[in-house]
Amino acid sequence: MKQQFEREKEQLQKVHAPKELESRLRNRLDHLPNQKQRRSGKVWRRLAALIIISILIGYNYQSLAYYGKKIIGYDPVISNTLQQLNDSGMGQTINKSITFEDGTTFTIDGIIVDENQLIMFYTLESPGSIVKNTEYDHQPINITGFLTNASHESGMGEVSEDEKVIRGTHSFETPNGFAKELTVHFHETTETLTFSYNPEKAMGHTIKQTINEKVILNEALLTFQTIEASPTSTIIKGKGDKELIESLNFEQMELIVNGEKINLLSNGYSTNITGTTFEITYDAIPTDSNPLEVTLHLPNDQVLKIYRD
433 MKQQFEREKE QLQKVHAPKE LESRLRNRLD HLPNQKQRRS GKVWRRLAAL
483 IIISILIGYN YQSLAYYGKK IIGYDPVISN TLQQLNDSGM GQTINKSITF
533 EDGTTFTIDG IIVDENQLIM FYTLESPGSI VKNTEYDHQP INITGFLTNA
583 SHESGMGEVS EDEKVIRGTH SFETPNGFAK ELTVHFHETT ETLTFSYNPE
633 KAMGHTIKQT INEKVILNEA LLTFQTIEAS PTSTIIKGKG DKELIESLNF
683 EQMELIVNGE KINLLSNGYS TNITGTTFEI TYDAIPTDSN PLEVTLHLPN
733 DQVLKIYRD
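The sequence shown begins at 433 in the numbering used here and counts up one residue at a time.
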């Protein structure tokens, strides 16, 4: 452990902030309705021991969290997709914190935004074990702003070895393109955290296509309406019979692109006066293949070609 700490210390000492960092910080350029029924909508965390705490002993890692636009220290808790976007400098640095009455501090380290979602990189530090004292685990529920009420969709994180720190990500619906300031609301408290946001740094979509493919499953109709692919995720939306959708195991569906299975991130459905709709969210799909074909494998062994470029 001591040798690893010394290696990390030597590496951090070699890192230098870019010359324009001070002016960017001074100008604050980089400061950043109904809940759907989601089967994987609740926040989940893998309680795995990390050595992050021991590595960062003696350092103020919040002040070391950013150099330029790249978020560092999140490699163990983000996907390859987010890592690539992060390495490319697609994030916005925030570094804004709130300390609750129980002494727990929630810090928004940075965000990555595209047309499908807002991904928040966060650090939660508590005075005691978060595992043994679940009240320390303050969870955000939504983000508001100008024409924005973005619901929390999913989250994950890693708990430190001493169980006092969680580092991870939370995913929200995309904020409005005219919002310049966003406010995070938390579960079971009226306290909020507001931060500046630059909508011009949000990424768009790579595919936005109408599908309108209908299939019969268990003698009921299911319609796949649209596919929206962005740099962070791929969302397939549809509608159908309420009982069918409620009984479906969306995890049995496979999104295949160029022969490669794309990871399922979440799925959910909602019902209102217009009917029952569903969303299936997968990881980002590659865009460097020609032609690009998206194939959906259904539970009854049907194969649906939903997109071809």
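The beta carbon of each residue, even a glycine, is placed where N, CA and C say it ideally should be.
So, with DSSP's three-state summary, where would you put residue i?
i, result
"Glu632", "helix"
"Glu692", "strand"
"Tyr714", "strand"
"Lys671", "strand"
"Leu579", "coil"
"Gln571", "coil"
"Leu680", "coil"
"Thr566", "helix"
"Ser592", "coil"
Could you tell me the alpha carbon to alpha carbon distance between residue i and residue j, rounded to whole angstroms?
i, j, result
"Gln684", "Lys693", "12 Å"
"Asn527", "Leu654", "44 Å"
"Ala677", "Glu533", "Here residue 677 turns out to be Ile, not Ala, going by the sequence shown. Ile677 and Glu533: Cα-Cα distance of roughly 42 Å."
"Leu736", "Glu605", "27 Å"
"Ser698", "Asn681", "12 Å"
"Gln641", "Glu660", "6 Å"
"Tyr629", "Thr525", "9 Å"
"Ile484", "Ser592", "Model confidence at Ile484 stands at a pLDDT of 30, short of 50, so the residue's coordinates are unreliable; what they give is reported in the following sentence. Their Cα atoms are separated by approximately 7 Å."
"Thr537", "Glu567", "13 Å"
"Phe627", "Phe610", "15 Å"
"Thr719", "Thr638", "8 Å"
"Ile705", "Lys674", "12 Å"
"Tyr739", "Ile668", "11 Å"
"Gly670", "Asp594", "44 Å"
To the nearest whole angstrom, what separates the beta carbons of residue i and residue j, a pair I think is in contact under 8 Å?
i, j, result
"Thr666", "Tyr714", "4 Å"
"His619", "Met552", "With 8 Å as the limit, His619 and Met552 do not qualify as a contact, their Cβ atoms being about 15 Å apart."
"Pro572", "Val545", "Not quite, the Cβ-Cβ distance comes to about 15 Å (not below 8 Å), so this is no contact."
"Ile540", "Leu625", "7 Å"
"Glu557", "Val597", "5 Å"
For residue i, write down the residues that DSSP places opposite it in a beta bridge.
i, result
"Tyr554", "Ile540 and Gly600"
"Lys528", "Ile540"
"Lys737", "Thr727"
"Ser665", "Asp715"
Say yes only if the C-beta of residue i is nearer than 6 Å to one or more non-hydrogen atoms of the ligand SAM, and no if none qualify.
i, result
"Leu680", "Ligands displayed in this structure: none; no statement on the ligand SAM is therefore possible."
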